[in-house]
Amino acid sequence: MFEHIQFNSVAEFLQMGKYTFHVWSVYGLFTVFILVNLFLPRVQRRQFIREQRNKALRDAQLAKNTAVEQERDGASGEAS
Amino acid sequence: MWQWFFRLGSPKWFYEMSGKWLPWLLVLMTVLMSVGVFWALLFVPQDYQQGDTIRIMYVHVPVASISLACFPLMAIAGVITLVWKMKLADMVAKCAAPIGAWFTAVALATGAIWGQPIWGTWWAWDARLTSMLIQFFLLIGVIALRSAIESPDAAAKACALLAIVGAINVPIIKYSVEWWNTLHQPASEFSMDEGNAFGPEIWVPLLIMIFAVYCFFVISLILSTRNEILQRERRAQWVMDIVAKEQV
Chain A
1 MFEHIQFNSV AEFLQMGKYT FHVWSVYGLF TVFILVNLFL PRVQRRQFIR
51 EQRNKALRDA QLAKNTAVEQ ERDGASGEAS
Chain B
1001 MWQWFFRLGS PKWFYEMSGK WLPWLLVLMT VLMSVGVFWA LLFVPQDYQQ
1051 GDTIRIMYVH VPVASISLAC FPLMAIAGVI TLVWKMKLAD MVAKCAAPIG
1101 AWFTAVALAT GAIWGQPIWG TWWAWDARLT SMLIQFFLLI GVIALRSAIE
1151 SPDAAAKACA LLAIVGAINV PIIKYSVEWW NTLHQPASEF SMDEGNAFGP
1201 EIWVPLLIMI FAVYCFFVIS LILSTRNEIL QRERRAQWVM DIVAKEQV
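Dropping the structure here:
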């Protein structure tokens, strides 16, 4: 298998003949493209879950405050 | 048959099933991609005219050919949206547009990098290149149209129509190299003989890369569709359960 490798040394492989920039920039771009498209959805998902949790917390807090206010109003109503 | 079809259209069902498919698809993609990239970079013989730039083909051709799958996919999803009003179809169509735009942009960029040493120019107003650029702008158009219309139902319908019309461009891209005399070369014919200009030692790794990039396309489409499902179904109890349980 290894006798079919087209390059005689690592330096030769990295150089890619006359086309160092062309070959490696294409493979670099491809790597970035794949990584970004796999990780961006993960980031968005976490962001969504955080937002929804904060919203649930706010809603719960709001419900609690309203309940407290209603109780107080109810109590003062009775007193008068 | 119909029951199956409509169950597939249920966002919750799709979310649960795709969660099971994803690890397998990721493994398959990683294996194919590693084999393909190593083969392309180390073992593919230099082209007698193009030298080592032949290795660019193993990125450019898979990305460009899969970018062509995007409009037909959006058009089919569009028909399903218009006829059966299936919610999932519209979510897939929405998520496919930006992914397709990415693929088209990468195909254009890698093509330019390949064209510079081989044709002596980064860009030419050639039929293949121009029709690809039109596809890119059409995809940007679909994304802009969706964000411009406030009502989600109206946006879904408008985007479905634009996707169906835009799919006309796909055969034009495909056959541009045969219909017009282009700088871009026509598709090579597969040959079984070793030592042929397009023999198995050249196209087997190309085929592997095409499958690998296909897996990647499906994975990124599933990932962003799952996010879209969560977003649109956020008031459903099953989504609230996921939000409550997941570690972030």
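Taken in sequence, the protein lines are chains A and B.
My numbering numbers the first residue of the first sequence as 1 and each following residue consecutively.
My numbering numbers the first residue of the second sequence as 1001 and each following residue consecutively.
All C-beta atoms in this analysis are idealised placements derived from N, C-alpha and C, irrespective of residue type, glycine included.
| Query | Result |
| --- | --- |
| Considering just the uninterrupted stretch of the alpha helix (DSSP H) at B/A1163, what are its terminal residues? | P1152 to G1166 |
| Which value, in whole angstroms, describes the spacing of the CA atoms of B/A1077 and B/V1218? | 15 Å |
| Using only CA atoms, which one of B/V1092, B/V1027 and B/E1150 lies nearest to B/A1212? | B/V1027 |
| Between A/Q61 and chain B, is the shortest Cβ-Cβ distance under 8 Å, so that the two count as touching? | no |
| Along the stretch 18 to 51 of chain A, where does the CB come closer than 7 Å to a CB of chain B? Name the residues. | K18, Y19, H22, V23, S25, V26, Y27, L29, F30, F33, I34, N37, L38, P41, Q44, R45, R46, F48, I49 and R50 |
| May I ask you to list the residues that DSSP assigns as paired with B/D1047? | B/G1051 |
| Using a C-beta cutoff of 8 Å, does A/R58 count as contacting chain B? | no |
| Are B/W1114 and B/T1053 close, meaning C-beta to C-beta below 8 Å? | yes |
| By DSSP, does A/N8 sit in helix, in strand, or in coil? | coil |
| Given a threshold of 16 other Cβ atoms within 10 Å of its Cβ, counted over all protein chains shown, does B/Y1048 qualify as buried or as exposed? | exposed |
| Could you check where the alpha helix (DSSP H) with B/E1178 kicks off and where it finishes? | N1169 to W1179 |
| Mind the definition here: the stretch 1176 to 1186 of chain B touches the stretch 1092 to 1101 of chain B only if three or more C-beta pairs lie below 8 Å; say whether that holds. | no |
| In whole angstroms, what separates the C-alpha of B/I1140 from that of A/R72? | 56 Å |
| Against chain A, with Cβ distances strictly below 8 Å, would B/D1090 count as a contact? | no |
| Taking the continuous alpha helix (DSSP H) assigned at B/M1240, which residues delimit it? | Q1237 to K1245 |
| Can you tell me the Cα-Cα spacing of B/A1156 and B/A1040, whole angstroms? | 41 Å |
| Please confirm whether any heavy atom of the ligand GDP lies closer than 7 Å to the CB of B/R1235. | This structure simply doesn't include the ligand GDP, nor any ligand for that matter. |
| Across the stretch 1130 to 1149 of chain B and the stretch 40 to 50 of chain A, are there enough close Cβ pairs to call them in contact, namely three or more that are closer than 8 Å? | no |
| Which residues in chain A have a C-beta closer than 7 Å to the C-beta of B/P1011? List them in chain order. | The contacting residues do not exist; B/P1011 stays about 15 Å from chain A at best. |
| At 3 residues or longer, what runs of the beta strand (DSSP E) sit wholly inside the stretch 5 to 44 of chain A? | none |
| Can you name, in chain order, every residue of its own chain whose Cβ lies under 8 Å from the Cβ of B/V1063, other than the five neighbours on each side? | F1103, V1106, A1107, T1110 and V1213 |
| What would DSSP say about A/A67, mapped onto helix, strand or coil? | helix |
| Going by DSSP in three states, B/L1249 sits in which element: helix, strand or coil? | Because residue 1249 of chain B is not part of the residues shown, which for chain B are 1001 to 1248, the question remains open. |
| State yes or no: is the beta carbon of B/D1052 nearer than 8 Å to at least one beta carbon in chain A? | yes |
| Can you find a C-beta in chain A that's less than 8 Å from the C-beta of B/S1220? | yes |
| Quick one: using the 10 Å Cβ neighbour count with 16 as the cut-off for buried, is A/H4 buried or exposed? | exposed |
| So, helix, strand or coil for B/T1121, using DSSP? | coil |
| Run the CB neighbour count on B/T1081, radius 10 Å, all protein chains shown included, and call it buried at 16 or more, exposed below. | buried |
| Once the 5 residues before and after B/G1009 are set aside, which same chain residues still bring their CB inside 6 Å of it? | M1086 and L1088 |
| Just list the beta strand (DSSP E) runs in the stretch 1195 to 1225 of chain B, keeping only unbroken ones of 3 residues or longer that don't cross its boundaries, in chain order. | none |
| On a Cα-Cα basis, can you pick out the residue from A/N37, A/N8, A/Q44 and A/M1 that is closest to B/Q1231? | A/Q44 |
| Can you tell me whether B/T1182 is helix, strand or coil according to DSSP? | coil |
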